[in-house]
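> Numbering (our numbering), first residue to last: 2 to 294.
So that we are looking at the same thing, I have put the structure below in structure tokens.
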Amino acid sequence: MKRNIKNTNLTNIMETKKLKSGFEMPLLGIGTYTFGGEHDADYSKDEEWIQAIKAALEVGYTHIDTAEVYGDGHSEELVAKAIEGGDRNKLFITTKVYHNHFKYEDVLKSANASLKRLKIKYIDLYLLHSFDPNMPLKETMEAMNKLVEMGLVKNIGVCNFKPSQLKEAQKYSKAKIVVNQMKFNLWANTGPDVDTFTYCQKNDIMITAYKLFGRDKIKYDKIPLLVEIGKKYNITDAQVIIAWVLSKKNFVAIFTSMDKNHLKEDMAALRFKLNEDDIRLLDNELLMKRFNR
Ligand SMILES: NC(=O)c1ccc[n+]([C@@H]2O[C@H](COP(=O)([O-])OP(=O)(O)OC[C@H]3O[C@@H](n4cnc5c(N)ncnc54)[C@H](OP(=O)(O)O)[C@@H]3O)[C@@H](O)[C@H]2O)c1
């Protein structure tokens, strides 16, 4: 089944990129890490977190990224509350199975528990949350395939897998691995994983870029090049980053925000196209992080 989530009645129309499974994936999505707690459940700000997700839906975001480990499952429960009563078919919901649940039966159990907490009948994208050298990769992938066969999961993917790990996982999987969720960050001191980006682009694996804003560094650690390019187009640092990331083949992005104005600002970045020279300058800045930051 192929859905087109472009045709919505939302205020803003969220554009999509095509996955190699044929499904459409929204260009931008919202993350929910820390909503409902980090690794333990936190119920202290439920109403605020639900309102933040609802605000994102009102602005026009259609992709929500969560994980079974976020708030020990409570993040998924908050997503369920925020989407209640809306049109499920207009949403693209990603969740993830944690590495302590990579055995065949555990993967099936985890997916079912996530579906129950999210109160949905299928997951649009189910990800392995990390690569674990001790994981039983063959049985993990068999379980992921079983979920696709059962119609409980539409697409499968991974997070932060290197090319050799992607190849090995694909070897055990009939269903295509369509997404690698990866950090993409001008503030990181480890530098970008260019080899993996290139491998994914060549093999038509979508990269969901996360931590674009350095988990808040954008607010207090100004990067002169972002400010300079922003001035030229009359856009903010965050909008420069989003326009740059989306200019790349096979890249979509997710970020977290509790602020409706930021959500609108980030969405408005879809209207801007950077020229090739500015994209190259930003690419060079990213590569330099390997040595300087
Ligand atoms: N697969 C993995 O291993 C993995 C790991 C980490 C994260 N993730 C996913 O990626 C998502 C995003 O990661 P993240 O939250 O760590 O980092 P992030 O998105 O880089 O940073 C979030 C911060 O950026 C700020 N922000 C958003 N828009 C802004 C704007 N226009 N101007 C200024 N600040 C802005 C937000 O503040 P305001 O609230 O003030 O807007 C928020 O504090 C997570 O929620 C999670 O779903 C996945």
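Ideal Cβ positions, reconstructed from N, Cα and C, are used throughout, including at glycine.
Remember, it's a predicted structure, so these values are computed and weren't measured experimentally.
1) Applying the 10 Å Cβ sphere with the 16-neighbour rule, what's the burial state of R118?
2) Measuring only the C-alpha atoms, how far is G86 from V159?
3) Note down the Cα distance separating R294 from N90, rounded to an integer number of angstroms.
4) For F252 versus I206, is the C-beta spacing smaller than 7 Å?
5) For T191, count neighbouring Cβ atoms within 10 angstroms of its own Cβ and tell me buried if that reaches 16, exposed if not.
6) Taking the alpha helix (DSSP H) that T257 falls in, what are its first and last residues?
7) Are the stretch 36-46 and the stretch 106-122 in contact at 8 Å, needing three or more beta carbon pairs?
8) Does ligand 1 have even one heavy atom less than 6 Å from the beta-carbon of N218?
9) Within its chain, find whatever has a CB closer than 6 Å to the CB of K233; leave out the 5 residues flanking it on each side and keep chain order.
10) Cβ of S165 within 6 Å of any heavy atom in ligand 1?
11) Give every residue of the same chain whose Cβ lies closer than 6 Å to the Cβ of A81, excluding the five residues on either side of it in the sequence, and list them in chain order.
12) Can at least three beta-carbon pairs, one atom from the stretch 59-69 and one from the stretch 162-175, be found at a separation below 8 Å?
With the given structure in hand:
1) buried
2) 30 Å
3) Bear in mind that a pLDDT of 39 at R294, under 50, signals an unreliable position, so the model cannot answer this.
4) no
5) exposed
6) T257 -> no alpha helix (DSSP H), and no H or E assigned at all.
7) no
8) Asn is not the amino acid found at residue 218; the sequence shown has Lys there. No, since every heavy atom of ligand 1 falls outside the 6 Å radius drawn around the Cβ of K218.
9) none
10) no
11) L119 and K120
12) no
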